[in-house]
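Below is one structure, written out as structure tokens; comments come after it.
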């Protein structure tokens, strides 16, 4: 049985008393994610990385990991989880020879500042932005008391808060995103999935094209084929020509997503459903404006949300 034929994994959680809170937590994260994710596609940020002497790909690794200090390639491989190690080693530690970690951190913040101002215009100073920043910061400040087992999150949480509301909102979502991401890595490890195997199962679930996941993380076709074969031998994937989860594979993938949601839920539970709904409503137009230019694959989902609250759908992108 394929993933599409398998029972809706959310049905297995129907009797879970935490399900409703996990649903609004997940949906709040999903609505705000483009607001953070814009930094990875920001031409302004890429230009500033270029001024430091590196290309955009190296700038991605350096700017996101710079909060760890001049980290080794091995540390970045471990914390980013699903990238081909050879790709990371081409970027790190060479980036630190071009510029200091603090310079990359500053370039990242300046880059997203410029992008947000250009795309959102006067909205960066609006009452809606100020209120969204207040709510998101309240949620994010819950996470800073729980850094254990979350190294990349903890390093970002140690950074000072910006003062301007549009950057407060961005930093808050950065913390919420990395808090969730480190928990997701823990769930993948518990399930026995390597970085590339996590990508294969994500593709098999039908959420993202396999080629996009493989190529963006610089895995070769041979690496991908070997991972697919290993997962088939372990009962995750069907033996047919299509990349599809078995019924057991779909169940195990749903367990990963449920564990990720559970590990990430604390800040949203603390904020509460009413404030989460308000936060989503405030940020959705900002996320949509950014997605239209920088993250077009998120536009349809955000438009659907604008038309009315969607049924929660599991799925945590395996890395960015």
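In this note's numbering, the protein residues as written are 589 to 908.
A virtual CB, placed ideally from N, CA and C, is assigned to each residue, including glycine.
Just so you know, these numbers come straight off a predicted model, no measurement behind them.
Closest to residue 640 by CA distance: which of 628, 608, 693 and 661 is it? Counted from its first residue, the chain shown places residue 640 at position 52. It is 693 whose Cα lies nearest to the Cα of residue 640.
Q. How long is the line joining the alpha carbons of residue 619 and residue 645, rounded to whole angstroms?
A. As a first step, residue 619 must be located in the chain shown, where it is residue number 31. As a first step, residue 645 must be located in the chain shown, where it is residue number 57. Pairing residue 619 with residue 645, the inter-Cα distance amounts to about 25 Å.
Can you tell me where the alpha helix (DSSP H) holding residue 733 begins and where it ends?
Taking the first residue of the chain shown as position 1, residue 733 is located at position 145. For residue 733, no alpha helix (DSSP H) run applies, since DSSP gives it neither H nor E.
Residue ranges of each alpha helix (DSSP H) within the segment 730-818, 4 or longer
739-745, 753-778, 783-792 and 798-804
Please report the straight-line C-alpha distance between residue 795 and residue 642, rounded to a whole angstrom. Translated into the one-based positions of the chain shown, residue 795 becomes position 207. Translated into the one-based positions of the chain shown, residue 642 becomes position 54. Straight-line Cα distance between these residues: approximately 32 Å.
- [ ] Have a look at the DSSP bridge pairing and note the partners of residue 833.
- [x] Sequence index remark: in the chain shown, residue 833 carries index 245 (1-based). Note: residue 833 sits in a beta bridge opposite 825.
Next on the checklist: I'd like to know if the segment 683-690 and the segment 645-660 are in contact, where contact means that at least 3 CB-CB pairs between them fall below 8 Å.
Outcome noted: yes
Residue from 655, 743 and 804 whose Cα sits closest to the Cα of residue 676:
Along the chain shown, read from residue 1 onward, the residue named residue 676 stands at position 88. Of the candidates 655, 743 and 804, the one whose C-alpha sits nearest the C-alpha of residue 676 is 804.
Next on the checklist: According to DSSP, simplified to helix, strand and coil, what is residue 714?
Outcome noted: Taking the chain shown and counting its residues from 1, one reaches residue 714 at position 126. Coil, per DSSP.
Cβ-Cβ distance between residue 716 and residue 859 below 8 Å | Mapped onto the chain shown, residue 716 falls at position 128. Mapped onto the chain shown, residue 859 falls at position 271. In this structure, residue 859 does not lie closer than 8 Å to residue 716 by Cβ.
task: Tell me whether residue 670 is buried or exposed, calling it buried when 16 or more other Cβ atoms sit within 10 Å of its Cβ.
output: As a first step, residue 670 is located in the chain shown; it is residue number 82 there, counting from the start. By the neighbour-count rule (16 or more Cβ atoms within 10 Å), residue 670 is buried.
Exercise for the section: Go ahead and label residue 758 buried or exposed: buried means 16 or more other beta carbons lie within 10 angstroms of its beta carbon, across all protein chains shown. Expected result: Numbered from 1 along the chain shown, position 170 holds the residue referred to as residue 758. It counts as buried.
- Exposed or buried, residue 749, counting other C-beta atoms within 10 Å across all chains shown (16 or more means buried)? Your numbering for residue 749 matches position 161 in the chain shown. With fewer than 16 Cβ atoms within 10 Å of its Cβ, residue 749 is classed as exposed.
Q) Residues in its own chain within less than 6 Å of residue 868 by CB, not counting five upstream and five downstream? A) Looking up residue 868 in the chain shown gives position 280. Answer for residue 868: 616 and 619, listed in chain order.
Quiz item: Would DSSP call residue 640 helix, strand or coil?
Solution: Position 52 of the chain shown, counted from the start, is the residue given in the question as residue 640. Reduced to three states, the DSSP call for residue 640 is coil.
task: Could you tell me whether the Cβ atoms of residue 851 and residue 791 are closer together than 8 Å?
output: Walking along the chain shown from the start, residue 851 turns up at place 263. Walking along the chain shown from the start, residue 791 turns up at place 203. Not closer than 8 Å, so no.
Exercise. Please report the residue range of the alpha helix (DSSP H) in which residue 673 lies.
Key: One-based indexing of the chain shown puts residue 673 at position 85. That run of the alpha helix (DSSP H) goes 673-679.
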